[in-house]
Each structure stands twice: as structure tokens, then as C-alpha cells.
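Chains as they are written, first to last, in our numbering: chain H, 8 to 429; chain A, 8 to 429.
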């Protein structure tokens, strides 16, 4: 590669000449973007669509937060980097663990590559779990970049985060983890890093707290969208090229009376095969249960007993509410998953249906009577893909002929906005 | 072909040895089926899934009623039979017409084939427009089959419908076209035809009036699902093999306050290119506007002026709310559409977004304050596919390895439930 570029996971990325900001607008379903454009409540983002580039892209599957954030910063799907859910059943130990705690990513990140090539890079996330995964090769001992979370901003150290707690927090109160302000803190921190010249490439990853709780057009989501828009505008006004994608969409999984439409797969499997024969893992599980009670549109079934795998797959696939039940190999082939972390049967819900383990095992009380809105299935795979600058001819052609993924965003922002022959 | 089978549109169908009923459960989104199974409000249909066969299938695109009903009875997608919407802009005449009024289908139906092979066949539809399309080669002068609609049951004649008005109506009141009873009339009529030996193969096509108006779990949709279930049970109790598919799913296209999330594409195009340069056709348009105000997730753009087609496609594709904007050839290739009826640009909405022509041009008042629930896009492409009998090994394999479509249902019911080597 020429020395004005890096090469990461099979793709080349030009080093930026102007500041670059990529925002992961967590849970920003295309229906929010459409409504915001129609009612003009997000003028700067709408302007990006109108005068830069907009398309509907696919997220990585399953349509969850961690797999998609990691895919975006790697420019590659879960098959390459190994993070195929938030939560994982490790067959070797029989334990359920957060995937981001299961060791380093099996692929380098674009952020690390750029930083090691001398570009000033910063990643700011809403939640600290995700920050740890994104910081590999970027921030920490002997590294030059910055990586911190809004959640733990005050506890930052230069040694671990590349920035002091004082500078990361900048006198702002650290917001509650269940608040719109958590995302706004991320954007404000990014803006400060940009203005002070501390970063030339920024990855800013928000929280979907608002989208889990509020449909498009609700006063709460309107207010949040306006607040994000003002900050996107400020980043643009600093001269940055901005790319925005979502990690996944969001669907209302409730019935007419507001109760959730849940298929408890663990109960069904136990009734059919006996308790302890199978284990259902909900890879949406994370420490932030109030968002969704660990209920989403994708689960993995691990077969522990001596059961015929095809028979189990066939049984699951015939349950109304299941859109697809795939054997491990087929799931990995069709949806670019890593084999070693796939279930024996991967289960994708139909649109509008949540998959759970056992009645009573999910913290539904945490929803406090709100409608269940969640993600994980193919119905939440479509996500907005926005670039603030028009694309060059090569990337316009690419966009018109290939299926875009959210993890193409760094490619489009770094390479697709450069004049050709550059 | 052996004389115990017919050959239609490239596939062979075994003549049935026992009665066969295929139901098009109009607008029966998988989320209704899942909820009905979970709460056991549709025991006979749930039992079909458990002890027969269930899978999530694709409908034909666009996910509208007429293209899918015709696809189901042809066993083939719109490319083969030419019905790619309810409504169509005929470039040659400059007129907008109902596709089912535009002349006969360009493909024969399985119903006609079976009837001409001596099988007693009847098609009963909710609406009369659709009946006309399905009756070709089946009922009318010199033909042996029966085809009538609930809407016009009392006006039937033996010459045109293969049944008298008196027999078709059977003393039942003809239901209002905006009522759940319209669909129930169809099922009751089918049951009578089966019991009296008037038909051995039945195609029963319902109305989605209830699903447009009521989400899963609403008392109105619960009551409708229970009423349909009892009739499905009665058909099963008569010894029929029953297949059930939907023509399309259903999605809530409303904002938090209940107002519809509509992108008026005609207004956008006029603002950009001037009035009269383009025409937006909503192929969901039918005489039953109260269902949906002619608003759905798919429209066709015809370019009348001297505009660059790629530029228009590019402009449309960059509007938030648009998932895909495809040139005619690409739409036809990817979604099996007939070229002569495709727009210059085919536009598929994002999940949760309705595409309209001009503000004020849609009969929103007809919704009477109800939330807009509609279909047409990829988000409503997934539909239930149910067979009351277990499949033979060949069709089990087929189901596990191929993408099923609702228009495979006659193949599965007629061929897939027969013992192998039959």
C-alpha cells in the first residue's frame, strides 16, 4: 500500500486530509430518519442525505449493538472479528459470558490501524463494555489513541484511555446510563476533541435508550433527534466529513394492549425434549436490561443432550413466530458468523415477535409498563447510511450496484469522498 | 405428464385424491400467527403448524393482494402472469387502469388446469375484481368450474359463475364490503361447496379489512382469528387437506401520535423536476380505499418528461424513507416483475414508512382517525405457509433448502403431502 493509506481486514483506507467523524446512531431505525426528514426536525442530518449521500444499508446480523459496532470499526462482518452477539455460551467451559470479555477481537480495527499510522484517533462510546473492545490497539500502554466511555468518563486515566478523567469529563456531569444525555455526552466529547485538535478521526457510538422506549414522533424521540442534530451540525461546522450509520433498527414487538409478543423458546424446547437437554442463549443480553429485558429477535439454541440436531432445528422452525431456524454451518454461511460462537441452531424471529428463554426469566418489570421495542432479527437489519459529502464516481457506482453494509462506512467516508486519482 | 397430473407454468401437479382447500389469509402477518399460537386463540391453525408443516415464506413483490393471489393460483411470480399490482399506468394510452381489467392473465392458472382435467374446482373471493381474474379458464361459458365473490354472491349466474346466485348466497346476508363477515362468508361458502360435493379443490381468498384496522391482540382481530379458526377446523373435519398462506404481511406505518408516516414522493419529484415531468403510481390503489387510503410501501415512478432516468433514480434513492429505488430492468430481475408494466423507477419504502403521491390526494379521512397499517414493501414480504399434513421427504428437503414462496402452496398441498412413489 502507498504510505498515505492503511490496509485492514482486506481493504485499503486512505489517511484523511480533513477531520473525519463516524457516528453510530444506535437503534436509529430508518422510520425515524424518514419522519425526521419529512417534518424537518433533523435539518442537518436531512441535509446530509440531500446534498451528500444516503442509502438504506444492511447491518451485520444479528442486528445487535456489539456485533455491529465492532463490524463498523473493523470494516468487516462478525465472521472476521468474532463478535457475533453481546452474550455467548462457551461450550468449552459451560459458562455464559459477555463476548467482549472473552478475549481480544480476532481482527484489528481501522481505528487502531489509523492511529498506528500516525493519525490522531479517538473513540467515544456510551457504554464502557463496548469501549474496552474498541480500544484494542488504539488506547492503552504504548498506544497513542484515545478511547473512553460516557459511562465511565470521570475514571479515565492517560495510561489506559489516552486521556485524563478531567479532560474526558470536561466539567460536565456524567449522565445516568438510562438517559438521552448519555448519547449527547458522547457527541459533546467528540466535538471537544475535534475543536482542541486532540483527534482527527473520531468514532462516536451512541446509546439506543431513547429508541427502545419511544416510537418515531414521540416528544421524547423528537427532542433527542433535535439534540443529536444540533451536535451533528456543530461537527459539520468544524469542517469535518461526517458519516452516520446505525447498528440496527428498532421494531415494536407489542400486542394491541401493549403487552409483549414473546415466544419463550426455552419453555417450548423443555416441554418437547425435557429440561436440561437444550440451552437458549439470548445474545442481546447485556448489563442494561431496562432497555429490553434481554428480549430481541435472535437467539441461539445449544443442544446439550443426545438429541438429533436436525430434528431440533425442524421443531423450532415450525413454531409460529420463527422466521428462520438454521443449523450452525448454514447460519455462518448465510450471515457471515464465526463458527466457534454459533449455536447448534440459530433462530431468527418474525417481524414483531420477541424470542425469550423461559417465562419469568426476563426482567419484564424493568419495562415499567412501556411497550417492548427491540431488535435482533432481519426486520431490524435495514439501517440508514449517510455521508455528508457527495461520493466520487467509483463509490456512487459501488452504492448503486452492491448491497451496502453499515460496516462500509469508513470505506465510504475515507475513500469515497476523495476526488478520483487522489 | 401422466394422466393423473397437470402441467402448469413449468410445474407438474398431481390430481388430488382427497379434497384440497387452499386459503389466502389476506394480510395475515406472521406476528398474528405467532401471537395466536402463543395465546392459543387459533387452535386448529396452530395445530396445522405443529402436526403438519409451517414455515415463513416470501410473498411475491410488491406485497399486495392481486399480484399475490394471481401468483398463488398460477404457481408462479408476476413475471410469468403479468399482474404486478392492483393498479397500473399504461404508457401506450396514458391511462391508469386496474391491472385485472387490462385483459386476461398471460399465464394459465392451476385452478383452470385442474378443472379442465376433470377435477371439480371452485374459487371464492372476498372481492369481485379479483374473482374476475381468477375465473379465467375456470368458470364461464363452456367451462365446468365455479368462481364467485362474497361481494357479489347474490348476482351469480350459472353461465358466468358456474353457480346460481341462490346457491352461492345460500340464504346468508351478503356482508358489507368493509366487514370481517366478508371473509367469513367466503369460508362458509367454501365449506358448503365441499360438503355438497360441488368442489374437490377450493381456493378461498379472504379480505384484509380487519388486519388493516387492528393490530395483533386487539379484541377485533382476536374475534376474527377465532372465527376463521372455527371454519378452518370445519374444513379439516370434512377430511380436506388444507393449505394456508397470506398474500402479504402488515405493518403499522404510524407515528407515536397515530398520524401516518408518509413520504409524498410525487410532491418531492414535482419540487425537483417540475409538475408533469413524472407520474407516481400507487399500485395498491383499489376501489376499497377505506382500508389504506391507497397508501403502501411500494410505488412506481414513470418519467414523462425528458429527464435523465439515472438521475431521477439517484434522487429518489437518496430520500430518507426509501429503502430501494431500482431502474425497471433491475426491479424486474431482482423481484420477478413483468417488464411492460414496471415503472421507470420502482420504489420500495423502508419499514414503517408509507409512500404517497401528493399531499391531499389520498383519502386519509377514510381512515377515520385509525392508525395507518399497510403493506407493499419488503417488510411485509414474510408470510406464513401452513399445510395440515406432514410433508413427504422430498418436500421436507425442499422446504429446508429452498426459499419458499406463497405461490408454492398448491405444489406443496397437491404434491408434497402424497406418499412418495405415488
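Note that beta-carbon positions come from the ideal geometry of N, C-alpha and C, so glycine has one too.
Exposure label - residue i; buried when at least 16 CB within 10 Å
{"i": "residue 151 of chain A", "result": "exposed"}
{"i": "residue 114 of chain H", "result": "buried"}
{"i": "residue 272 of chain H", "result": "buried"}
{"i": "residue 358 of chain A", "result": "buried"}
{"i": "residue 58 of chain A", "result": "exposed"}
{"i": "residue 133 of chain H", "result": "buried"}
{"i": "residue 346 of chain A", "result": "exposed"}
{"i": "residue 422 of chain H", "result": "buried"}
{"i": "residue 111 of chain A", "result": "exposed"}
{"i": "residue 300 of chain A", "result": "buried"}
{"i": "residue 408 of chain A", "result": "exposed"}
{"i": "residue 72 of chain H", "result": "buried"}
{"i": "residue 177 of chain A", "result": "exposed"}
Residue i at chain H interface by Cβ criterion, 7 Å
{"i": "residue 330 of chain A", "result": "yes"}
{"i": "residue 325 of chain A", "result": "yes"}
{"i": "residue 360 of chain A", "result": "yes"}
{"i": "residue 429 of chain A", "result": "Its pLDDT being 45, under 50, residue 429 of chain A is placed unreliably in this model, and the value from its coordinates should be taken loosely. Output row for residue 429 of chain A: interface = no."}
{"i": "residue 187 of chain A", "result": "no"}
{"i": "residue 40 of chain A", "result": "yes"}
{"i": "residue 37 of chain A", "result": "yes"}
{"i": "residue 357 of chain A", "result": "yes"}
Minimum Cβ-Cβ distance from residue i to chain A less than 7 Å
{"i": "residue 223 of chain H", "result": "yes"}
{"i": "residue 367 of chain H", "result": "no"}
{"i": "residue 312 of chain H", "result": "no"}
{"i": "residue 34 of chain H", "result": "no"}
Enclosing alpha helix (DSSP H) for residue i [first to last residue]
{"i": "residue 172 of chain H", "result": "172-176"}
{"i": "residue 158 of chain H", "result": "Taken as a continuous stretch (DSSP letters only), residue 158 of chain H belongs to no alpha helix (DSSP H), as it is neither H nor E."}
{"i": "residue 180 of chain H", "result": "Per DSSP, residue 180 of chain H belongs to no alpha helix (DSSP H) and is neither H nor E."}
{"i": "residue 251 of chain A", "result": "Segment 248-252 is the beta strand (DSSP E) holding residue 251 of chain A; no alpha helix (DSSP H) there."}
{"i": "residue 122 of chain A", "result": "117-123"}
Unbroken beta strand (DSSP E) run spanning residue i, endpoints
{"i": "residue 102 of chain H", "result": "102-105"}
{"i": "residue 309 of chain H", "result": "305-310"}
{"i": "residue 65 of chain A", "result": "60-65"}
{"i": "residue 389 of chain A", "result": "389-394"}
{"i": "residue 363 of chain A", "result": "361-363"}
{"i": "residue 31 of chain A", "result": "27-31"}
{"i": "residue 19 of chain H", "result": "18-21"}
{"i": "residue 332 of chain H", "result": "329-334"}
{"i": "residue 352 of chain H", "result": "352-356"}
Proximal residues to residue i (C-beta, below 7 Å), its chain only, five neighbours per side dropped
{"i": "residue 124 of chain A", "result": "13 and 22"}
{"i": "residue 322 of chain A", "result": "279"}
{"i": "residue 275 of chain H", "result": "326"}
{"i": "residue 42 of chain A", "result": "223 and 224"}
Residues near residue i by beta carbon distance below 8 Å, same chain, minus five either side
{"i": "residue 95 of chain H", "result": "103, 104, 105, 106, 109, 288, 290 and 348"}
{"i": "residue 175 of chain H", "result": "155, 160, 161, 163, 168 and 196"}
{"i": "residue 126 of chain H", "result": "22, 23, 207 and 208"}
{"i": "residue 198 of chain A", "result": "238, 241, 242 and 245"}
{"i": "residue 227 of chain H", "result": "187, 217, 220 and 221"}
Neighbourhood of residue i by C-beta, 6 Å cutoff - its chain only, sequence neighbours within 5 removed
{"i": "residue 53 of chain A", "result": "44"}
{"i": "residue 16 of chain H", "result": "81, 82, 83, 87 and 114"}
{"i": "residue 218 of chain H", "result": "34 and 257"}
{"i": "residue 135 of chain A", "result": "156, 158 and 159"}
{"i": "residue 142 of chain H", "result": "154"}
{"i": "residue 411 of chain H", "result": "62, 64 and 392"}
{"i": "residue 122 of chain H", "result": "128, 145, 151 and 152"}
- request: Give the residues from the segment 45-67 of chain A that approach chain H closer than 8 Å (Cβ to any Cβ), ordered along the chain.
  value: 45, 53, 56, 57, 60, 61, 62 and 63
- request: Select from the segment 239-264 of chain A all residues with a C-beta closer than 9 Å to any C-beta belonging to chain H, and list them in chain order.
  value: 256, 258, 259, 260, 261, 262, 263 and 264
task: Output, in sequence order along the chain, the residues in the segment 383-398 of chain H whose CB is closer than 9 Å to any CB in chain A.
output: 385, 386, 387, 389, 391 and 393
- prompt: Between the segment 266-281 of chain A and chain H, which residues of the former have a C-beta closer than 9 Å to a C-beta of the latter?
  reply: 266, 268, 269, 270 and 271
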